[in-house]
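S.K.: Would you mind keeping the following structure in view while I ask a few things?
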Amino acid sequence: MGRSSSYLAIFYYIFAYYLSLFCVSQAKDTLGVDESIAVYKGDYLESANQRFRITTNYSLAGWYVTIQYVSMGQSIDVWAHDNYLTPASLQPAYLTMNADGRLVVYDSSQHRLIVVNSQQPVMINSTTATILDNGNLVLRAPGGNTVWQSFEIGR
Numbered sequence: 000m001g002r003s004s005s006y007l008a009i010f011y012y013i014f015a016y017y018l019s020l021f022c023v024s025q026a027k028d029t030l031g032v033d034e035s036i037a038v039y040k041g042d043y044l045e046s047a048n049q050r051f052r053i054t055t056n057y058s059l060a061g062w063y064v065t066i067q068y069v070s071m072g073q074s075i076d077v078w079a080h081d082n083y084l085t086p087a088s089l090q091p092a093y094l095t096m097n098a099d100g101r102l103v104v105y106d107s108s109q110h111r112l113i114v115v116n117s118q119q120p121v122m123i124n125s126t127t128a129t130i131l132d133n134g135n136l137v138l139r140a141p142g143g144n145t146v147w148q149s150f151e152i153g154r
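The opening position of the sequence shown corresponds to residue 0 in numbering that gives the first Met the number 0, with each subsequent residue numbered one higher.
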C-alpha cells in the first residue's frame, strides 16, 4: 500500500506541475489589427515581464484607460488616459485596436467610449498596440515605426 501511495503522490505532483505551466497568465502584450480584449471580464494587455498591464478603471469622474504597475499581487495606476466625457453608467467592455489605427474602448453595445490616441495627428492603417516591459504603451505602424506612445502623453 505504501508504494502505490508514493506513486500516486509523485504522479499528482508531476501532473500539477505541468498543469501549472498551462494555467499561467494568458494575457498577451500586443493587440493586432481588429483584435480586442474583453475588459469587462477582467482581461488586459500585459507586458512580457508581467510588471505592467493596460486596462480600464473607474473614478468618480468616469471611466479611463490606465497602465498599472503590478508587484506581489498588488497594482497601482502609473498612467491614465482621462476621459471625463464618458458617463459612469456606460461600462467599458472591449479594448480594440481598430484597422484605422485607433485604440478604442467600446461599451457592450459597441458605442465608442474612449479613443486613447485621439490626439495623434495622422492615423495609420494596420497599427498594433504593445505594452512594453518598461510600462510604455506604443502604437506601431506596419514597418515597426512608433506612431504614438503613452510616455509622450503626461497624465
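Ideal Cβ positions, reconstructed from N, Cα and C, are used throughout, including at glycine.
(1) On a CA-only basis, which of E34, S70 and D33 is nearest S46? Give me that one, please.
(2) How is Y39 classed by DSSP in three states: helix, strand or coil?
(3) Using beta-carbon positions only, say whether T126 and L138 come within less than 7 Å of one another.
(4) Which residue or residues does DSSP assign as beta-bridge partners of G61?
(5) Am I right that L102 and I36 are in contact with their C-beta atoms under 8 Å? What's the rounded C-beta distance?
(6) What residue does the beta strand (DSSP E) around D106 start on, and which one ends it?
(7) Does the beta-carbon distance from H80 to Y63 come in below 7 Å?
(8) Are the beta-carbon atoms belonging to A140 and I123 less than 7 Å from one another?
(9) By Cβ distance below 7 Å, which residues in the same chain neighbour L131 in space, the five residues on each side in sequence not counted?
(10) When you compare each of A60, S58, Q49 and Q90 to Q159 by their alpha carbons, which one comes out closest?
(11) Would you call Y43 buried or exposed, if buried means 16 or more other Cβ atoms sit within 10 Å of its Cβ?
(12) In three-state terms, what does DSSP make of S117?
(13) Just verifying my parser: in three-state terms, what is the DSSP assignment at S74?
(14) Is it buried or exposed for G100, if we count other Cβ within 10 angstroms and need 16 for buried?
M.R.: This is what the structure holds:
(1) Ranking the options by Cα distance to S46, first place goes to S70.
(2) DSSP places Y39 in helix when its eight states are reduced to three.
(3) Cβ atoms of T126 and L138: closer than 7 Å.
(4) DSSP, once it has assigned bridges, lists S58 as partnering G61.
(5) Not quite, the Cβ-Cβ distance comes to about 11 Å (not below 8 Å), so this is no contact.
(6) For D106, the enclosing beta strand (DSSP E) starts and ends at L102 to D106.
(7) For the pair H80 and Y63, the CB atoms are nearer than the 7 Å cut-off.
(8) It is a contact, given that the beta carbons lie within the stated cut-off.
(9) Within the same chain, L131 has close Cβ partners S46 and V137.
(10) One cannot answer for residue 159 here, as it falls past the ends of the chain, which runs 0 to 154.
(11) Buried.
(12) For S117, the secondary structure class from DSSP, reduced to helix, strand or coil, is coil.
(13) The three-state reading of DSSP puts S74 in strand, counting E and B together.
(14) Per the 10 Å Cβ criterion, buried.
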